[in-house]
Amino acid sequence: MTRVFAVCLTLALLAGCTPALRGTGDLGLVVERADGRLMVVETTGNTKLASVSGLGDLSHAALVYSRDQRFAFVFGRDGGLTKVDVLTGSIAGRVMQSGNSIGGAISQDGTLVAVANYTPGGIKVFDSGTLEQVADIPAMGADGKPSKVIGIADLSGKRFIYTLYDAGEIWIADLADLKSPRLTKYTNIGRLPYDALITGDGRWYLAGLFGEDGIALLDLWNPGKGVRRILDHYGKGKEALPVYKMPHLRGWAAAGDEIWLPAIGHHQVLVVDKGTWTEKTRIDVAGQPVFAMARPDGRQVWVNFALPDYSKVQVIDTQTKTVIKTLEPGLAILHMEFTPKGERVWLSARDSDKVVVYDTETLEPVAELPAAKPSGIFFTNRAHKTGL
Amino acid sequence: MRVLGAITGAVVLAAWPAGAELAPERQARLRDMVAQDCGSCHGMTRQGGLGSPLLQDDMVKLSAESVVHTILEGRPGTPMPPWKTMLSRDDAAWIAAYLMGEVK
C-alpha cells in the first residue's frame, strides 16, 4: 500500500496529475511589485510554492481574500482587479475596472468586492464569483468635484465605508439593493484624509488627516452622532517634517485597550486610549513610522519607517512602552505581516530583493526567501478579519 | 558647498541634457528611486496615483527648472515632500531629464 502510494505521488509530481490535497490556512501572497507578479508562500515551512504573473502595475498593490481563503482579489495601481487562485497558483479572472485604483474590500458575506479608485474617483463593486460589475458609485464631494477614494473597509451587511481624499468626507455605501445603493455621507471631516482603518470589532472607523494633526473618528454603533475629531494638534509646537512615505493605518495596532498609530510628520508613535480616545503617551522612534502593527497577542508593536530610515524596524514592548530592539533586516522594509498566531513575522526588504522571516520571541531571523522587489505580504487569515 | 551645488546645478541646467556628469551607479540608483519611491505615489508606470501622472507627454509640457524645483522643494499643501535632503540639484536635474525622456 505504501509503495503504491509512493508511486502515485511520484507520478503525480512527474505528470502533474491530481496533487495531494492541502488547505489554505498557512498560505499567503507576496507582491513582487516591479514585475507585476505574486509569490504564493506557505508559513509552516517558510517556502515559496508558486509564482503568479501578469497582474500589471503593482506599485501600491493591496488584496483581500475570499471567505474560503482560496481566492485573493488583487487591486493593482493601473485599475486591474485580478482574482487569484492561491491553491493552483493561477489567475481565475481579471478585469480592468478603472484607470487607477488604490485598494478594496470584500463584503462580510464574501459575495461583493468593492474597489476604491483614484481616477475616476469613486468605488466600483463586483460579484466576487464572476467579477461582473454590479455597481458604480462616483465620489462627488459636497464641493461638486470628483474625489479620490481611500481607506475602504467592509462593514456588517452588504456595506462598505470609505473616505474621500480631496473632499474630506466619509461615506457608507449600503448595497443590500444592488440596483439602488444607499449612501450615508459625513462631510467636513478634516483636511486631506490619507488613510483609514476600522477596528477589528467593526465599531470604530478612524481616518488619519494629512492636512492637519488629528484623526477623524466615527462610532458605527452610534452613527447618528457623526464624525468627531480626536488627537487634535498632536504635533503642536513642533514643525512637521516632510513625509517621504504616507503612513498606513491599515494593519493597525490594537493592544489591549490601546491603539498605536503612526504620527504623521513626526518621529513618533502615538498611544491612544480606546475608551476615551485621548493620547496616553507617545514613543520616540527611529524615523517616520509607516506601519505600526501589533503582534496578534498585543504584546509587541513592530514599526517600520519612511525614507531615509526605511531599512530599520523597531520592536516596542507594549507594557513598558519602550523600544526593545532595532533590527536591520535588509534594505527598504516596506511591509510586515504576522503569522496568524504571531510566532513569526515576515518582512519584505524591497531593495535587498528578499523576504526575511523573524521569530517574534527571540527577535532573530529564522528564514529568508529571494523575492524580486517585494512589497506587500498578505496571509490568508485576513479572510476572517473585518477591515482587512 | 551649497553655493557650489547651486552653481553646478545652473550649469547642468544650461548644458542640457542634464546629468551627464552623474556616475553610472548614481544614475542607476536614481532610476530605481523613480520607479520604486516616486512610484509609490505616482505609479511605477507613472500614470499617477495619490500623486499626479509623470508620463513623458505630461512632463515635456513643463520647464526643466519647474520640475527640478518641485523635486527639491516639494509642493506645499500636498503630500509631495521636498527631496533636497536626499537629492542634489544634479540628481534632480537628471531625474527631470529622465522623466522628459532626454536621458535613459
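For the protein sequence lines, the chains are A and B, in the order given.
Take 1 as the starting number for the first sequence in the working numbering and just add one per residue.
Take 1001 as the starting number for the second sequence in the working numbering and just add one per residue.
By construction, the Cβ of each residue, glycine as well, lies at the ideal position given by its N, Cα and C atoms.
Determine whether the beta carbon atoms of A/Ile283 and A/Lys321 lie at a separation below 8 Å. Judged by their CB atoms, A/Ile283 and A/Lys321 are nearer to each other than the 8 Å cut-off.
Threshold first: 3 residues or longer. Then list the beta strand (DSSP E) segments lying entirely within the stretch 124–154 of chain A, N to C. Taking only runs of at least 3 residues, the beta strand (DSSP E) segments lying wholly in the stretch 124–154 of chain A are 133–138.
Beta-carbon neighbours of B/Met1059, restricted to chain A and to distances below 8 Å: Chain-order list of chain A residues neighbouring B/Met1059: empty, with the shortest C-beta distance near 18 Å, by a criterion of under 8 Å.
Under 7 Å Cβ-Cβ, which residues of chain B neighbour A/His60? Among the residues of chain B, those whose CB is under 7 Å from the CB of A/His60 are Ser1040, Gly1049, following chain order.
Which one of A/Thr24, A/Gly56, A/Gly265 has the shortest CA to CA distance from A/Gly237? That would be A/Gly265, whose Cα lies nearest to the Cα of A/Gly237.
If you measure between the beta carbons of A/Val52 and A/Gly104, is that distance less than 8 Å? Taking 8 Å as the Cβ cut-off, A/Val52 and A/Gly104 do not qualify as a contacting pair.
Under the rule that 16 or more other beta-carbon atoms within 10 Å means buried, what is A/Ala142, buried or exposed? Counting other Cβ atoms within 10 Å of its Cβ, A/Ala142 stays below 16 and is therefore classed as exposed.
Neighbour list for B/Thr1045 in chain A, Cβ cutoff strictly below 7 Å: Residues of chain A with a Cβ closer than 7 Å to the Cβ of B/Thr1045 are, in chain order, Asp57, Asp78.
Run down chain A in chain order and give the residues with a C-beta less than 8 Å from the C-beta of B/Gln1056. Those within 8 Å of B/Gln1056 in chain A number zero; the least Cβ separation is about 16 Å.
With DSSP collapsed to three states, give me the class of A/His60. Reduced to three states, the DSSP call for A/His60 is coil.
Mind listing the chain B neighbours of A/Lys148? Cutoff is C-beta to C-beta under 8 Å, in chain order. Taking a Cβ-Cβ cut-off of 8 Å, the neighbours of A/Lys148 in chain B comprise Leu1050, given in sequence order.
A/Ala196 versus B/Gly1048 - alpha carbon distance: Across the structure, A/Ala196 and B/Gly1048 are spaced so that their CA atoms are roughly 21 Å apart.
Do you know whose CA, among A/Pro289, A/Gln300, A/Lys325, lies nearest A/Tyr310's CA? The residue with the shortest Cα to Cα distance from A/Tyr310 is A/Pro289.
Please state whether DSSP places B/Met1100 in a helix, a strand or coil. The answer is coil: DSSP assigns B/Met1100 none of H, G, I, E or B.
Could you work out which residue in A/Met96, A/Gly80, A/Phe75 is closest to A/Ile106 when comparing CA atoms only? Its Cα nearest to that of A/Ile106, the residue A/Phe75 stands out among A/Met96, A/Gly80, A/Phe75.
Below 9 Å on C-beta distance, what does A/Ile102 contact in chain B? For a Cβ distance threshold of 9 Å, residue set Gly1049, Leu1050 of chain B lies close to A/Ile102, ordered along the chain.
Terminal residues of the beta strand (DSSP E) in which A/Glu279 lies: Where A/Glu279 is concerned, the enclosing beta strand (DSSP E) stretches over 279–284.
Please report the Cβ distance between B/Leu1054 and B/Leu1099, rounded to the nearest whole angstrom; I am assuming they are in contact, meaning their Cβ atoms lie under 8 Å. About 5 Å separates the two Cβ atoms, so the contact holds.
Between the CA atoms of A/Gly224 and A/Asn304 - distance to the nearest angstrom: Those two C-alpha atoms are separated by around 36 Å.
Residue-chain proximity (B/Gln1027, chain A), Cβ-Cβ < 8 Å: By this cut-off, B/Gln1027 is not an interface position.
Take A/Val315 as the anchor and find which of A/Lys325, A/Ala306, A/Pro308 has the nearest alpha-carbon. Ranked by Cα distance from A/Val315, the options A/Lys325, A/Ala306, A/Pro308 are led by A/Lys325.
So, is the C-beta of A/Val227 closer than 8 Å to a C-beta in chain B? False, the Cβ-Cβ gap to chain B never drops below 8 Å.
Closest Cα partner of A/Ile215 within the set A/Asn222, A/Leu87, A/Gly56, A/Tyr194: For A/Ile215, the closest alpha carbon among the candidates A/Asn222, A/Leu87, A/Gly56, A/Tyr194 is that of A/Tyr194.
Does the stretch 268–284 of chain A come close enough to the stretch 244–260 of chain A to have 3 or more Cβ pairs within less than 8 Å? Cβ pair count under 8 Å is three or more, so yes.
Run down chain A in chain order and give the residues with a C-beta less than 9 Å from the C-beta of B/Met1086. When 9 Å is used as the limit between beta carbons, B/Met1086 is near these residues of chain A: Tyr244, Leu307, Pro308, in chain order.
Look up A/Arg70 in the DSSP assignment and say whether it is helix, strand or coil. The answer is coil: DSSP assigns A/Arg70 none of H, G, I, E or B.
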